[in-house]
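Novice:
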């Protein structure tokens, strides 16, 4: 099954590569910085899967060909997927791959430009492609008494990504113009934090959880450095808890700052609350996935 985070819609495979830096996961532009890094490639022929789709027509979750009935029993919008081939390309070491990207002077220049422009940053460390994939509407047979699925062709007005419904994207194909579609359906895409600082400047609270690398800024008279951090993968298992944790950290940071001028008891209380927030979020149940997190980045397409 698709091991990398399932994208809410497929993307053209010629626009994405492992080691690529992005400013938006769903809008890879041809001029975004691409680096060559070592990857491990796996391939499966005659690939089968089951996808769920939300009310907006976005892919949400894939369950695999041998799905757990309990996971899809209450899913109203299911699609069966059949592809001639599934190809997964993954960086051999996430940290080393990201460091190799950052060691490229051109990549650091590009990162610095995005930092100055105030743009978010992401890096692609894994890609899942489907070759000649076809989709059908699926419903559980016998009201879920078994794992059997009834399949029917997609309706013309089906709430699915446009590229698999009609001729919405010539670079991908589509059921309206061809029986199959090829493209990138999954990505290991990660948050990247970067800023220009000095060695004397301490890290911030929001830097927790990132793996940091430091590079001198050429020609700087004040010993400026570009610091670049690799964050977590965008995926459902951590998206919800990470968002709650960051909100909790931000709120508790404000409390701690106010407590600096107050008595030690209030400082201890604030610290204990922050620890409690971290523990609760670490055991929280996921309630949304990659599609939600990516679409929170003001996706309008």
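Numbering (my numbering), first residue to last: 635 to 935.
In this text, a Cβ means the ideal position worked out from N, Cα and C, and glycines have one as well.
Buried or exposed for residue 834, please, with buried defined as at least 16 other CB atoms from any protein chain shown within 10 angstroms of its CB.
Specialist: Taking the first residue of the chain shown as position 1, residue 834 is located at position 200. Residue 834 comes out exposed.
Novice: Are residue 715 and residue 684 closer than 8 Å when you measure CB to CB?
Specialist: What you label residue 715 is simply residue 81 of the chain shown in a count that begins at 1. What you label residue 684 is simply residue 50 of the chain shown in a count that begins at 1. Cβ distance < 8 Å, so residue 715 and residue 684 count as in contact.
Novice: Assuming residue 766 and residue 814 make a contact with CB atoms under 8 Å, what is their CB distance in whole Å?
Specialist: Here residue 766 refers to the residue found at position 132 of the chain shown. Here residue 814 refers to the residue found at position 180 of the chain shown. Correct: roughly 4 Å between the Cβ atoms.
Novice: Taking buried to mean at least 16 other C-beta atoms within 10 Å of its own C-beta, is residue 762 buried or exposed?
Specialist: Working through the chain shown from its first residue, we reach residue 762 at position 128. Residue 762 is buried by the Cβ-count criterion.
Novice: What's the C-alpha gap between residue 712 and residue 771?
Specialist: For the purposes of this step, residue 712 is taken as residue 78 along the chain shown, with counting starting at 1. For the purposes of this step, residue 771 is taken as residue 137 along the chain shown, with counting starting at 1. For residue 712 and residue 771, the distance between alpha carbons rounds to 6 Å.
Novice: Using the C-alpha atoms, what's the distance from residue 730 back to residue 839?
Specialist: Mapped onto the chain shown, residue 839 falls at position 205. Mapped onto the chain shown, residue 730 falls at position 96. If I take the Cα positions, the gap works out to 24 Å.
Novice: Is DSSP giving residue 653 helix, strand or coil here?
Specialist: Taking the chain shown and counting its residues from 1, one reaches residue 653 at position 19. Correct three-state label for residue 653: coil.
Novice: Using the Cα positions of residue 793 and residue 679, report the straight-line distance between them to the nearest angstrom.
Specialist: Here residue 793 refers to the residue found at position 159 of the chain shown. Here residue 679 refers to the residue found at position 45 of the chain shown. Using only the alpha carbons, I get a separation of about 28 Å.
Novice: Note down, in chain order, each residue of its chain lying with its Cβ closer than 8 Å to the Cβ of residue 587, except the 5 sequence neighbours on either side.
Specialist: A question about residue 587 goes unanswered here, because the residues of the chain that appear run from 635 up to 935.
Novice: Rounded to whole angstroms, what is the Cα-Cα separation between residue 816 and residue 764?
Specialist: Residue numbering aside, residue 816 sits at position 182 when the chain shown is read from its first letter. Residue numbering aside, residue 764 sits at position 130 when the chain shown is read from its first letter. So the two alpha carbons sit approximately 6 Å from each other.
Novice: Cα separation between residue 866 and residue 657?
Specialist: What you label residue 866 is simply residue 232 of the chain shown in a count that begins at 1. What you label residue 657 is simply residue 23 of the chain shown in a count that begins at 1. Rounded to the nearest angstrom, the two C-alpha atoms are 16 Å apart.
Novice: Rounded C-beta distance between residue 693 and residue 645? I'm assuming under 8 Å.
Specialist: Stepping through the chain shown from its first residue, residue 693 is reached at position 59. Stepping through the chain shown from its first residue, residue 645 is reached at position 11. In fact, because the Cβ distance is near 12 Å, the residues do not count as touching under 8 Å.
Novice: Any idea what DSSP makes of residue 648, helix, strand or coil?
Specialist: If you number the chain shown from 1, residue 648 lands on position 14. In this structure, residue 648 counts as helix in the three-state DSSP scheme.
Novice: Note down the Cα distance separating residue 854 from residue 832, rounded to an integer number of angstroms.
Specialist: In the chain shown, counting from the first residue as 1, residue 854 sits at position 220. In the chain shown, counting from the first residue as 1, residue 832 sits at position 198. Taking the straight line joining both Cα atoms gives about 10 Å.
Novice: What alpha helix (DSSP H) runs, 4 residues minimum, are completely inside the segment 689-754?
Specialist: Fully enclosed alpha helix (DSSP H) runs of 4 or longer: 703-706, 728-736 and 739-751.
Novice: Output needed for residue 705: all residues of its chain with C-beta closer than 7 Å, excluding positions within five of it in sequence on either side, in chain order.
Specialist: Stepping through the chain shown from its first residue, residue 705 is reached at position 71. So the list reads 697, once near-sequence residues are dropped.
Novice: Please name the residue in 682, 689 and 709 whose C-alpha comes closest to that of residue 700.
Specialist: On the chain shown, position 66 is the one that residue 700 refers to. It is 682 whose Cα lies nearest to the Cα of residue 700.
Novice: Tell whether a beta-carbon distance below 8 Å holds between residue 822 and residue 864.
Specialist: Here residue 822 refers to the residue found at position 188 when the chain shown is read from its first residue. Here residue 864 refers to the residue found at position 230 when the chain shown is read from its first residue. No. Outside cutoff.
Novice: Check residue 830 in the structure and name its three-state DSSP category.
Specialist: Counted from its first residue, the chain shown places residue 830 at position 196. If DSSP states are grouped into helix, strand and coil, residue 830 belongs with the strands.
Novice: What is the DSSP secondary structure of residue 841, reduced to helix, strand or coil?
Specialist: As a working note, residue 841 is residue 207 in the chain shown. Looking at residue 841 - three-state DSSP - the assignment turns out to be helix.
Novice: Let me check understanding here. Comparing Cα to Cα, which of 749, 757, 775 and 755 lies closest to residue 829?
Specialist: On the chain shown, residue 829 is found 195 positions in, with the first residue counted as 1. Residue 749 is the option with its Cα nearest to residue 829.
Novice: Between 675, 738 and 710, which has its C-alpha nearest residue 655's C-alpha?
Specialist: Start at 1 with the first residue of the chain shown, and residue 655 comes out as number 21. Minimum Cα distance to residue 655 is reached at 738.
Novice: Distance, Cα to Cα, residue 725 vs residue 841?
Specialist: Taking the first residue of the chain shown as 1, we reach residue 725 at position 91. Taking the first residue of the chain shown as 1, we reach residue 841 at position 207. Their backbone Cα atoms lie some 23 Å apart in a straight line.
Novice: Label residue 820 either buried or exposed according to how many other C-beta atoms from any shown protein chain fall within 10 Å of its C-beta, with 16 as the threshold for buried.
Specialist: The count along the chain shown starts at 1 and reaches residue 820 at position 186. Answer is buried; the Cβ neighbour count reaches 16.
Novice: Bridge partners for residue 825 per DSSP, in chain order?
Specialist: Working through the chain shown from its first residue, we reach residue 825 at position 191. Its beta-bridge partners are 756.
Novice: Since I believe residue 849 is in contact with residue 742 (beta carbons under 8 Å), could you give me their beta-carbon distance rounded to a whole number of angstroms?
Specialist: To locate residue 742, count along the chain shown from 1; it is residue 108. To locate residue 849, count along the chain shown from 1; it is residue 215. Residue 742 to residue 849, Cβ: 6 Å. Contact.
Novice: I'd like to know whether the C-beta of residue 651 is nearer than 8 Å to at least one C-beta of chain C.
Specialist: Looking at the structure shown, chain C is missing, and only one protein chain is on hand.
Novice: Using only CA atoms, which one of 638, 733 and 786 lies nearest to residue 669?
Specialist: As a first step, residue 669 must be located in the chain shown, where it is residue number 35. Among 638, 733 and 786, the Cα nearest to that of residue 669 belongs to 733.
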